[in-house]
Amino acid sequence: MRIQDAVVLVTGANRGIGRALVAGFLERGAARVHAAARDPRTLEGLVGQGAGAAGRVVPLALDITDPAAVAAAAEAASEVNLLVNNAGLHAMGHVLDMDLESVEAVMRTNWLGTLRMLRAFAPVVERNGGGAIVNVISVGAFAGTPQLGPYPASKAALNMLTQAVREDLAPRGISVHAVFPGPVETDMLRYAVEHLPGIGSYTAATADEAAAAILDGIEAGADEIFPDPFAERVRDGLRTDPKGVERLLIDVEKSPPRD
Ligand SMILES: NC(=O)c1ccc[n+]([C@@H]2O[C@H](COP(=O)([O-])OP(=O)(O)OC[C@H]3O[C@@H](n4cnc5c(N)ncnc54)[C@H](OP(=O)(O)O)[C@@H]3O)[C@@H](O)[C@H]2O)c1
Numbered sequence: 006m007r008i009q010d011a012v013v014l015v016t017g018a019n020r021g022i023g024r025a026l027v028a029g030f031l032e033r034g035a036a037r038v039h040a041a042a043r044d045p046r047t048l049e050g051l052v053g054q055g056a057g058a059a060g061r062v063v064p065l066a067l068d069i070t071d072p073a074a075v076a077a078a079a080e081a082a083s084e085v086n087l088l089v090n091n092a093g094l095h096a097m098g099h100v101l102d103m104d105l106e107s108v109e110a111v112m113r114t115n116w117l118g119t120l121r122m123l124r125a126f127a128p129v130v131e132r133n134g135g136g137a138i139v140n141v142i143s144v145g146a147f148a149g150t151p152q153l154g155p156y157p158a159s160k161a162a163l164n165m166l167t168q169a170v171r172e173d174l175a176p177r178g179i180s181v182h183a184v185f186p187g188p189v190e191t192d193m194l195r196y197a198v199e200h201l202p203g204i205g206s207y208t209a210a211t212a213d214e215a216a217a218a219i220l221d222g223i224e225a226g227a228d229e230i231f232p233d234p235f236a237e238r239v240r241d242g243l244r245t246d247p248k249g250v251e252r253l254l255i256d257v258e259k260s261p262p263r264d
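So this is what it looks like as structure tokens:
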């Protein structure tokens with residue numbers, strides 16, 4: 006997939022990895038980047054960026070759990086040929102006793118919201134001659150860590166969804182890429198560290214570093230992208246010692262960490 010001249014849409018573009026991805030796409034010559042956010046006012050500083058009179062960043066109001074908003078986005082961004090499903094939600098707690106509202110919100114966002122985006126945008130990308138869809142998952146998909154509530158299950162489900170639609174969409178000229186970040190310095194990681202200080206002791210990548218590795222992976226056509234050193238450690242472990250990876254991820258919750 007060529008990023009040069011691509012028309013891109015990034016969900017959750019107002020902060021964290023999403024915001025860094027928008028900057029990365031601009032640097033690598035994307036023709037236009039639809040920057041989607043629940044509240045477009047939070048896109049200040051991004052809109053108008055990039056060469057050209059009006060800039061190449063187009064703001065888009067989009068809550069991926071809202072069917073009408075997703076349908077409207079597919080109409081408004083009808084020239085997209087590269088979609089990045091980056092938006093995600095975290096809720097800490099133990100699934101046996103945390104409130105079910107939070108559990109539902111995480112599944113509704115990370116799994117159902119992403120599925121809704123896939124259903125709306127696969128025809129758009131296809132109509133534009135094919136392209137790529139990128140789902141930002143997490144290394145958390147590889148272990149049922151008890152204190153991360155519904156998050157690992159939501160990301161494991163997203164991983165399975167990603168694999169399934171890869172098969173469905175390949176004949177339609179759309180490549181589907183799974184991204185498995187480890188710890189990345191964003192609000193989401195800061196929120197996790199508040200609850201589990203041990204996580205913060207692992208070396209985290211910056212959002213810019215993670216975004217650059219994700220773009221490298223897209224350009225290389227990689228099915229799976231592990232965009233930081235911790236993620237690469239998980240990738241290597243999955244090949245040689247899957248049980249060790251499960252232990253590593255569960256132990257990340259506990260202090261003291263091991264690196
Ligand atoms: N940071 C990490 O360590 C890490 C590790 C592995 C995977 N990830 C994944 O990477 C992705 C980006 O995370 P991040 O670290 O950049 O987190 P972040 O700073 O918390 O940003 C999350 C983004 O998702 C958006 N979002 C949440 N619910 C949404 C919804 N219903 N509709 C549209 N947008 C929604 C947020 O919008 P608002 O500003 O409106 O809330 C925000 O833009 C997520 O999928 C996350 O699970 C992150």
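So this note's numbering is basically just the index in the sequence shown, starting at one, shifted up by 5. For glycine and all other residues, C-beta sits at the position ideal for the given N, C-alpha and C.
{"query": "Spatially closest choice to L88 from P128, M97, G242 and L105, by CA coordinates", "result": "P128"}
{"query": "Residues near S20 in its chain [Cβ-Cβ closer than 8 Å; skip 5 each side]", "result": "Looking at the sequence shown, residue 20 is not Ser but Arg. Contacts found: T47, T191 and D192."}
{"query": "Contact under 8 Å by Cβ, V130 with G136", "result": "yes"}
{"query": "Where P176 falls, given that 16 or more other Cβ within 10 Å makes a residue buried", "result": "exposed"}
{"query": "Coarse secondary structure for I8, derived from DSSP in three states", "result": "coil"}
{"query": "G17 Cβ short of 7 Å to ligand 1 heavy atom set", "result": "yes"}
{"query": "V141 CB to nearest heavy atom of ligand 1 below 7 Å", "result": "yes"}
{"query": "Meets three-Cβ-pair contact criterion under 8 Å: the stretch 28-39 and the stretch 9-17", "result": "yes"}
{"query": "For A1, three-class secondary structure by DSSP", "result": "Residue 1 cannot be examined here, being either before or after the span of the chain that is shown, 6 to 264."}
{"query": "Any alpha helix (DSSP H) of 4 or more consecutive residues that is wholly inside the stretch 112-192", "result": "119-132 and 156-174"}
{"query": "Member of G29, S83, A146 and A92 whose CA lies at the smallest distance from the CA of D44", "result": "A92"}
{"query": "Cβ contact (3+ pairs, closer than 8 Å) linking the stretch 95-112 and the stretch 191-208", "result": "yes"}
{"query": "Cα-Cα separation between A40 and A18, rounded to whole angstroms", "result": "5 Å"}
{"query": "Residue burial classification, R252 (beta-carbon count within 10 angstroms, cutoff 16)", "result": "exposed"}
{"query": "Beta-carbon gap between F126 and I142 smaller than 8 Å", "result": "no"}
{"query": "Between the CA atoms of N140 and A161 - distance to the nearest angstrom", "result": "12 Å"}
{"query": "Span separating the alpha-carbon of L105 from that of G60", "result": "43 Å"}
{"query": "G222 at chain B interface by Cβ criterion, 8 Å", "result": "Protein chain content of the structure displayed is limited to a single chain, and chain B is not contained in it."}
{"query": "Residues bridged to I219 [DSSP beta-bridge criterion]", "result": "Answer by DSSP bridge pairing: none, since I219 is not bridged."}
{"query": "Any non-hydrogen atom of ligand 1 closer than 7 Å to R124 Cβ", "result": "no"}
{"query": "Any non-hydrogen atom of ligand 1 within 7 Å of D44 CB", "result": "yes"}
{"query": "Close beta carbons around P234, own chain, < 8 Å, minus the five adjacent residues each side", "result": "G187, T208 and A210"}
{"query": "Residues of its chain near K248, where Cβ-Cβ distance is below 7 Å and the 5 sequence neighbours each way are ignored", "result": "none"}
{"query": "Secondary structure of I22, DSSP reduced to three states", "result": "helix"}
{"query": "Any non-hydrogen atom of ligand 1 within 7 Å of G222 CB", "result": "no"}
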